[in-house]
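Trainee: This is the structure I want to talk about, given as structure tokens.
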Amino acid sequence: MYERILVIGLAFLIDVILGDPNYSWHPIRLIGHLIAGTDKTLRKIFNISEEKEQHKNAKLVAGVALVVIVLAVSLGAAWLLLYVTGRLHRIVGLVVEIILCYQMLAMKSLRDESMKVYYALGEGDLKKARYAVSMIVGRDTEGLDEEGVAKAAVETVAENTSDGVIAPLFYMMIFGALGGVLYKAVNTMDSMVGYKNDRCIYMGRCSAKLDDVVNLIPARLSVIFMLLAGGMLGYKISNGWRIYVRDRYNHASPNSAQTEAVCAGLLEVQLAGNAYYFGKLYEKPTIGDEIRKIDMEHIRVVNRFAYLTALLILLFGLVVLGIIEVIW
């Protein structure tokens with residue numbers, strides 16, 4: 000247990016300092032290639048050549064097979080890597096585990112990418128800001144004004160604090176590096192095939208539902224510690240809680256609006272609402288009250304929320320692991 004405390008603590012520290020490395024053999028990229036290749040192969044095996052209603056059952060079965068294969072291969076490869084390096088030498092195994100855990104986190108990269116939006120807005124370059132935010136959100140950004148760009152950046156930091164940082168930490172604390180790999184494999188499948196469009200609505204259903212399940216606890220833990228972080232930074236916990244209770248389910252996903260609602264309440268701004276995806280307008284409920292107009296400075300503030308929330312959960316989790324070690 001002490002080794003796990005060391006591994007997770009150092010992994011978090013490295014991520015905060017260095018950020019997510021950008022190279023072709025990154026574990027998440029490899030998982031992405033695995034998902035894409037498996038998806039393509041299963042569509043051939045199940046003869047899903049066209050997205051028609053009569054293929055519904057085949058798509059559902061293929062979707063389950065996709066989840067099983069991706070999880071089995073991802074976990075198997077990670078276990079083998081840790082086993083082999085651990086057999087070589089205990090220190091070698093620990094170093095590899097630290098590196099693997101570090102690559103499951105996205106704290107600094109989330110800040111870096113969102114702050115590109117901040118700096119572009121600060122320069123008055125709306126075109127550059129739209130491009131920067133398009134790299135971290137799924138909606139169409141060409142028609143967004145400055146407020147819309149800032150709002151999109153705030154939303155993605157608020158949401159991804161949970162699934163990009165807190166959830167991987169949570170599962171690594173319970174299951175070690177394999178927990179992080181498990182979570183990121185599920186989350187990556189959801190981001191690639193968990194859409195409600197003609198192509199993915201059935202084949203991606205298993206991935207989407209599993210992602211909802213694995214994020215259930217981390218998203219709500221994030222809420223508690225983000226409220227605490229907001230209070231420590233001088234924002235009104237009471238308003239964060241009020242908006243959270245009212246708007247936490249104003250999203251198609253049962254988890255995505257959890258931290259968004261807290262941030263909207265703490266910042267006293269309105270998030271979410273209607274958005275364009277692939278040229279089509281999607282009507283969505285809003286989150287929060289527009290007490291203040293959202294602007295570029297809120298991007299900086301929400302990153303402070305994210306960092307302090309992650310640090311508080313990390314410290315809490317490491318203390319819990321330490322207590323368990325002493326008791327057992």
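Residue numbers (numbering that gives the first Met the number 0): 0 to 327.
Positions of the beta carbon are idealized from the N, C-alpha and C atoms, including for glycine.
Bear in mind the structure is a predicted one, so any value in this text is a computation, not a measurement.
1. What first and last residue would you give for the alpha helix (DSSP H) that runs through Y182?
2. Three or more beta-carbon pairs under 8 Å between the segment 237-244 and the segment 257-271, yes or no?
3. DSSP on L143, reduced to helix/strand/coil?
4. I'd like to know if the segment 161-168 and the segment 103-119 are in contact, where contact means that at least 3 CB-CB pairs between them fall below 8 Å.
5. Suppose the cutoff is 7 Å on Cβ atoms and the five residues either side in sequence are ignored; what does the same chain contact list for P217 look like?
6. Quickly, what does DSSP pair L270 with across the bridge? List them, please.
7. Spatial neighbours of G92 within its chain, please: C-beta separation below 7 Å, excluding the five flanking residues on both sides.
8. Name the DSSP bridge partner or partners of K279?
9. Return the CA-CA distance between D14 and M103, expressed in angstroms with no decimal places.
10. Assuming I97 and A10 make a contact with CB atoms under 8 Å, what is their CB distance in whole Å?
11. Please confirm whether Y306 has its beta-carbon closer than 9 Å to some beta-carbon of chain B.
12. Applying the criterion that 16 or more other CB atoms from any shown protein chain within 10 Å of the CB defines a buried residue, is K195 buried or exposed?
13. If you measure from the CB of K43, is any heavy atom of the ligand ATP nearer than 8 Å?
14. Could you compute how far the alpha carbon of I298 sits from the alpha carbon of L33?
Mentor: So, from the data block:
1. 176-192
2. yes
3. coil
4. yes
5. S161, I165, A166, F169
6. I286
7. Non-local C-beta neighbours of G92 in its own chain, meaning closer than 7 Å and more than five positions away in sequence, comprise L81, T84, G85, ordered along the chain.
8. Y276
9. 9 Å
10. The beta-carbon separation of I97 and A10, rounded to 5 Å, stays under the 8 Å limit for a contact.
11. In the displayed structure, chain B is absent; only one protein chain is listed.
12. exposed
13. The ligand ATP is absent from the structure shown, which contains no ligand whatsoever.
14. Approximately 34 Å between the Cα atoms of the pair.
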